[in-house]
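Numbering (the numbering used here), first residue to last: 6 to 107.
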């Protein structure tokens, strides 16, 4: 069985649109931009009363570590971030959209 390698590009593709909506910016195209937008979006989720923002802060920290890491260490940080983002971002953004009337 072949394991799928999780890359920064994969994370950007999966989460950039939702994070960009909340950050009110065009979707990120690189990891540094995704981190910046996540840091902008997190307090907006919190201000809207949407739970889970603490995990987004942690995911942003993991992505920042991944930005500076190489090899297996980078893979570990990307995976940790993905494990936090996967169950939250889509639902949180839908809730944010509903609160905003979209």
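No residue lacks a Cβ here, since even glycine has one placed at the ideal position from N, Cα and C.
Discussion item. What does the Cβ neighbour count give for residue 23, buried or exposed, with the cut at 16 atoms within 10 Å?
Written reply: Position 18 of the chain shown, counting from 1, holds the residue named residue 23. Under this definition residue 23 is a buried residue.
Worksheet item: Rounded to the nearest angstrom, how far is the Cβ of residue 43 from that of residue 72, given a contact under 8 Å?
Response: Position 38 of the chain shown, counted from the start, is the residue given in the question as residue 43. Position 67 of the chain shown, counted from the start, is the residue given in the question as residue 72. At roughly 12 Å, the Cβ-Cβ gap does not stay under 8 Å, so residue 43 and residue 72 are not in contact.
Worksheet item: Between which two residues does the alpha helix (DSSP H) containing residue 78 stretch?
Response: For the purposes of this step, residue 78 is taken as residue 73 along the chain shown, with counting starting at 1. 76-90 is the span of the alpha helix (DSSP H), which, as asked, contains residue 78.
Fill in: Buried versus exposed, by CB contacts within 10 Å (16 or more), residue 98
In the chain shown, residue 98 corresponds to position 93, counting from 1. So residue 98 counts as buried.
Worksheet item: Does the distance from the CB of residue 58 to the CB of residue 11 come in under 8 Å?
Response: Within the chain shown, numbered from 1, the residue matching residue 58 stands at position 53. Within the chain shown, numbered from 1, the residue matching residue 11 stands at position 6. Contact: no.
Worksheet entry | Top-ranked residue by Cα proximity to residue 47, from 107, 103, 90 | Locating residue 47 in the chain shown gives position 42, counting from the first residue. Of the candidates 107, 103, 90, the one whose C-alpha sits nearest the C-alpha of residue 47 is 90.
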